Each structure stands twice: as C-alpha cells, then as structure tokens.
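In my numbering, the protein residues as written are 18 to 404.
Quick reminder that beta carbons are idealized off the backbone N, C-alpha and C, glycines included.
In this text the structure is predicted, and so the values were computed from the model without any measurement.
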Amino acid sequence: MYNQYYYELLVREFGTNVVTAIGSHDLPYLVEFIKPFDYWRGTQRRIISEYYALKDYNLMGPSTADQVVNCKYIKDSWKFVYGLYKNRRLFVEAQDFQVDEPQSYIQQGLLRVNRTYLVKYSKKVRLSKGAYRLNCGIILESSLGLLSTNFRVVESRTGTVLSNYFPPTNINEIVPHGTFTMLNVGAFKVDEKNGEDNMEDRLVDIEITIEETGLYMKSGFTICFLDVDVIATDEEQSNGDQLMPRWIAWTIDNEAAKPENIVNVLLKRLYDSISASFSETTRSTDSPFQILGSYKDRPMNNASNNYIHVLTSNDDNRMSDKEMEEYTRRFYFKFNDAGGLITRSFRYYTIVDRRKMEEKAARRIHSAESEKDDEPLRWKLPQIVAM
Numbered sequence: 018m019y020n021q022y023y024y025e026l027l028v029r030e031f032g033t034n035v036v037t038a039i040g041s042h043d044l045p046y047l048v049e050f051i052k053p054f055d056y057w058r059g060t061q062r063r064i065i066s067e068y069y070a071l072k073d074y075n076l077m078g079p080s081t082a083d084q085v086v087n088c089k090y091i092k093d094s095w096k097f098v099y100g101l102y103k104n105r106r107l108f109v110e111a112q113d114f115q116v117d118e119p120q121s122y123i124q125q126g127l128l129r130v131n132r133t134y135l136v137k138y139s140k141k142v143r144l145s146k147g148a149y150r151l152n153c154g155i156i157l158e159s160s161l162g163l164l165s166t167n168f169r170v171v172e173s174r175t176g177t178v179l180s181n182y183f184p185p186t187n188i189n190e191i192v193p194h195g196t197f198t199m200l201n202v203g204a205f206k207v208d209e210k211n212g213e214d215n216m217e218d219r220l221v222d223i224e225i226t227i228e229e230t231g232l233y234m235k236s237g238f239t240i241c242f243l244d245v246d247v248i249a250t251d252e253e254q255s256n257g258d259q260l261m262p263r264w265i266a267w268t269i270d271n272e273a274a275k276p277e278n279i280v281n282v283l284l285k286r287l288y289d290s291i292s293a294s295f296s297e298t299t300r301s302t303d304s305p306f307q308i309l310g311s312y313k314d315r316p317m318n319n320a321s322n323n324y325i326h327v328l329t330s331n332d333d334n335r336m337s338d339k340e341m342e343e344y345t346r347r348f349y350f351k352f353n354d355a356g357g358l359i360t361r362s363f364r365y366y367t368i369v370d371r372r373k374m375e376e377k378a379a380r381r382i383h384s385a386e387s388e389k390d391d392e393p394l395r396w397k398l399p400q401i402v403a404m
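Dropping the structure here:
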C-alpha cells in the first residue's frame, strides 16, 4: 500500500498523462537508472514484484502505455519514480546556453566559463504544484562576474516572477575554490493552474533563466547542472517563512571535482527523456520506441487506446546490466579513493540556521556511518528516494 500511495500521488499531482509519458517514452531510461540499485533495495523491491508477479517490460508483449508500466522496476518502485519526477536535474545542454567567447565551452557535460561577457541560460521545465528550491552545481576558481549574474524563475503563462536571486557579495570568501559547490539560488512556489481542473495534465510551465545584468567579464567558474528540489516539510516551516532558505551553499569536502564524480550518465539520459516527454513538441513527434497501430498519429492523451512495443535503446554506448550496477555502485559510493566517508560543509545565513542544520547534519553523519558500506550516498539521490 505504501508503494501504491506514491503511484496515486504521482497521478494526483501530475495528471494521468504522466503515466502515458512513462509508458510510451521514459520507461527504458527509468529502468536503466532504477535497476542497478537492486544491490541496495533489491530485497524490498522483489517482495512487491513477486506479490504482483511482475515481468520485465520487454517480456510483456504488445501493451498499452498504461499497461506496460505494470512491469518490474516501475510498478514495484513507485516511490523511486515519484522522487525522480518530483525533483528535476537540468544538465548542461549546448542549445540552452549562449556565450560570446570560444574560450567558454562544454566539456564532459560541464560548461566552463572563461573570459566572456555574455552568459545566458534559458530552460523550460514543467512542474507540479509545490514548494521548490533552485540549486546550481558549480565549481569556482574565481567568482569574476558571478555576482552580477541573475537567477530567475518565471511562470511562463502569466509572466509572474517566482524567484529572483543574485549571489551574495562575499561568495568568493565563503566558498572554497576548486571543489564542487551547490549554491542555493532561490526558493519558489508553484500553484495549481488558475481555474483549471484538468485530470490529464496538472503541470505548470516554468522558465528558468541565468543572465548577466551588467557589462562585467565572467571567468573562472564551471556550471555543472541545476537542481529543482522539492522543499521538505520541516524546511517549509523554518523561521516562520514557508520558503525561507537555511543555507547559502554546501561544498563537498573530500572528493575530487571531476566530471565522472558529478555527472551521472544514466540519470542524464533519464532526465533528457523526461524533458522531451513533457515538452509540447513531443506530442507531435514519433516516440523513440516502435509503435504498433496508429499511436504516433494521435494525441498523447489518447495513446492508452493503442498498443505499443517498447524496444531497448540501440545506443552503442549502452552499458550491460552488470556494467550499470558497477557504475551505480561506484558513482554513489559513500567513501572516497582514500577510504574516507565523503562529507559536505554548509555555509549559512544566520547562526540560528547553522545550529539547526548542524544538529541535523550530525545525525545524518552518524546514520551514514552506521549504515552498511555498500549503501549509496543518500544526499546524492533525489530527496524522496533518499528517505
């Protein structure tokens, strides 16, 4: 029942179209990401899977989009699925950024900003109702020009500015250089569509922009990704302000800021698929899977009437199941190359915030130390999944 609760929550918050999007577009990428975690959660997942006598999706035969989600690693993992859809990671894509100097470039999924006056990022994302925090993963060598960079969140339909943020003036002093840093760049609320009760699509169109507001050179920092994280209940109530952030930034203390430690390729493939399946353009383009019947010629919300056959990706870079498990174990391993527990340090707005968060951090470290060594580093996972 606990697992089923997250399915019902997903449909209630996102609308019934989310099931169609999963079944007709995202399913292989969800399975690729979720399946390797069996080393951690396999016993719990198999109890549900065996109860429902679930099969792998590629053994189910012709199915509708609504039927094919009743497979292994989806129907037995709705909490995992809900966490992945409720929280979003927006990876660096060339089409989303504008820079005016060739010294700035994307390498191994990271945007390295060097001696440029123009840095502009624009990304549209569809979110369900809720309170969120926007975080920016970044590596600082210097903060030249970063202070005049505006992080903004706007509701696309109404033009309402939901969040408008500039980094603090002392960012260069409070954040160490050469390490991975997560900047808290604003909190915002997404309300339900005004006057609309659409059971199929409850998502709200949001535009996230990063833009220079002055003629200042920007150099010496690397943008890794943006996270849109749901704000937990206890954080919503902090300081009497529903969206009051408690921390300015956190940094990883003892793991090298290398691309292979920052960009999870399986998670990137999944979120690329989710972005495409949620976009309006996807509704008029072919699904990446083989379609039986006339599904591809009909609107997505009518797709459940048509059988689909989901094929495994033909990507030559696709890993085997064993390779995916080894990759996932390594990426989310709790210990660094020297054998030490990977830890974070937070920078806070106030002493009160610091005391509150340090108490929580101490409990988390104690909990992490008492867990089995092969359990993943939970703060690297989407919040709902990590609980």
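Item	Value
Cβ-Cβ distance between Tyr182 and Phe168 below 7 angstroms	yes
C-beta contact flag for Leu47 and Leu243 at 7 angstroms	no
Whole-angstrom distance between Lys210 and Phe54, CA atom to CA atom	36 angstroms
Assigned secondary structure, Val109 (DSSP; H/G/I helix, E/B strand, else coil)	coil
Minimum length 4: unbroken alpha helix (DSSP H) runs contained in the stretch 151-224	188-191
Coarse secondary structure for Thr367, derived from DSSP in three states	coil
Closest residue to Ser360 among Phe350, Glu343, Asp289 (Cα-Cα distance)	In the sequence under discussion, the amino acid at residue 360 is Thr, which differs from the Ser named in the question. Cα-wise, what sits closest to Thr360 is Phe350.
Simplified DSSP assignment, three categories, for Phe352	strand
Cα-Cα separation, Ser145 to Glu67	32 angstroms
Whether Glu217 touches Thr33 by CB criterion (7 angstroms)	yes
Distance between beta carbons of Phe238 and Glu160, contact taken as under 8 angstroms	Reading the sequence as shown, one finds Ser at residue 160 and not Glu. About 7 angstroms; that satisfies the 8 angstroms criterion.
One or two residues paired with Ser139 in a DSSP bridge	Thr226
Opposing strand residues paired with Phe114 [DSSP bridges]	Tyr138
Three-way DSSP call (helix, strand, coil) for Ser290 in this model	helix
Cutoff 6 angstroms; reference Thr345; Cβ partners in own chain excluding five residues on either side	Pro53
Gly237 - containing beta strand (DSSP E), residue span	236-247
Whole-angstrom distance between Gly356 and Glu392, CA atom to CA atom	15 angstroms
N-terminal and C-terminal residue of the beta strand (DSSP E) that Val35 is part of	Segment 34-38 is the alpha helix (DSSP H) holding Val35; no beta strand (DSSP E) there.
Residue nearest to Thr196 in terms of C-alpha spacing, selected from Leu179, Ile155, Pro185	Ile155
DSSP-derived helix/strand/coil call for Arg129	strand
Exposed unless 16 or more other CB atoms sit within 10 angstroms - verdict on Thr37	buried
Proximal residues to Pro193 (C-beta, below 7 angstroms), its chain only, five neighbours per side dropped	Thr268
7 angstroms Cβ shell around Ile265 - same chain, five flanking residues per side excluded	Pro185, Ile191, Asn201, Arg364, Tyr365, Tyr366
Other residues of its chain near Arg62: CB distance less than 7 angstroms, five sequence neighbours each side excluded	Asp55, Asp93, Ser94
Check whether Leu128 and Val98 have beta carbons under 7 angstroms apart	no
Sub-7 angstroms separation of Val136 and Glu277 beta-carbons	no
Cβ neighbour criterion (16 or more within 10 Å) applied to Ile91	buried
Where the beta strand (DSSP E) containing Thr268 begins and where it ends	264-269
With 16 other Cβ atoms within 10 Å as the buried cut-off, status of Met18	exposed
Residue from Thr226, Gly203, Ile188, Asn152 with nearest C-alpha to Gly176	Thr226
Residue environment, Lys413, which counts as buried when at least 16 other CB atoms sit within 10 Å	Lying before the first or after the last residue shown, residue 413 is absent from the chain, which here runs from 18 to 404.
7 angstroms Cβ cutoff met for Asp113 and Thr133	no
Length of the line joining the Cα atoms of Tyr138 and Ile240	11 angstroms
Anticipated Cβ contact below 8 angstroms, Lys206 with Leu179, distance rounded	7 angstroms
Alpha carbon of Leu284 to alpha carbon of Leu232, nearest angstrom	36 angstroms
Beta-carbon proximity check, Gln120 vs Asn131, cutoff 7 angstroms	yes
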